[in-house]
Amino acid sequence: MSFRPGTLRSPSGAKCIAPERASELSRIELDPQQDRHARAALEAYADSAAAEMPWLAEWLDERLRDAAQDDGSGPTYCGATIERVFDLAQAWAAGQPDYAATAWERVRGQLQRMLADPVPSQPLLQRLPADDFAEPVAGIAGAD
């Protein structure tokens, strides 16, 4: 593959990019088929874009799923991001009247085990549109 001026491809052959050269870059290309960090970044981007650009999130999910199936690596788990978001959620929940510290710590333990051994025993859930979560369910009080 040829490189265009002002482009850095990841993973690159260079161990480090000089700061002068890095400041000239106007574009960075990520290769999710060769770089698990690139795949994790694009998964996070798809998650972030889902509310405002669901078409883009869906397109990225399809491409990333195909890339993961091709190389057999499966989904990525960016542990640092997962733990950071969990900490934020727990801090918010701690301020609520029904906070259950024991339950949160149990979930944290399970989450840490999953991150240490990320091979899922069951298929992961596909991303669902937000509307699917809000649909009434028959037989539940107040759902009518």
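Throughout the sequence shown, residue numbering follows our numbering, covering 4 to 147 in sequence. Beta carbons are placed, not taken as given, at the ideal position from N, Cα and C, and that holds for glycine.
Quick one, are the C-beta atoms of residue i and residue j less than 7 Å apart?
{"i": "L59", "j": "L45", "result": "no"}
{"i": "A70", "j": "P35", "result": "yes"}
{"i": "A41", "j": "L33", "result": "yes"}
Alpha carbon to alpha carbon, how far is residue j from residue i? Give it in angstroms, no decimals.
{"i": "T84", "j": "A103", "result": "23 Å"}
{"i": "G2", "j": "V88", "result": "There is simply no residue 2 to check, as the chain begins at 4 and stops at 147 in what is shown."}
{"i": "G82", "j": "A119", "result": "9 Å"}
{"i": "T105", "j": "R116", "result": "17 Å"}
{"i": "R39", "j": "D101", "result": "39 Å"}
{"i": "A47", "j": "R109", "result": "25 Å"}
{"i": "M56", "j": "R111", "result": "31 Å"}
Excluding the 5 residues flanking residue i on each side, which residues of the same chain have their C-beta closer than 8 Å to its C-beta?
{"i": "A52", "result": "L59, A60 and L63"}
{"i": "V113", "result": "Correcting the residue type first, residue 113 is Gln in the shown sequence and not Val. Correct list: empty, nothing qualifies."}
Excluding five sequence neighbours on each side, which residues of the same chain lie with their C-beta closer than 6 Å to the C-beta of residue i?
{"i": "A94", "result": "none"}
In its own chain, which residues sit with a C-beta less than 7 Å from the C-beta of residue i, not counting the 5 before and 5 after it?
{"i": "W107", "result": "Q93 and A96"}
Could I get the ranges of all uninterrupted beta strand (DSSP E) runs contained in the segment 45-88, with 3 residues as the minimum, in chain order?
none
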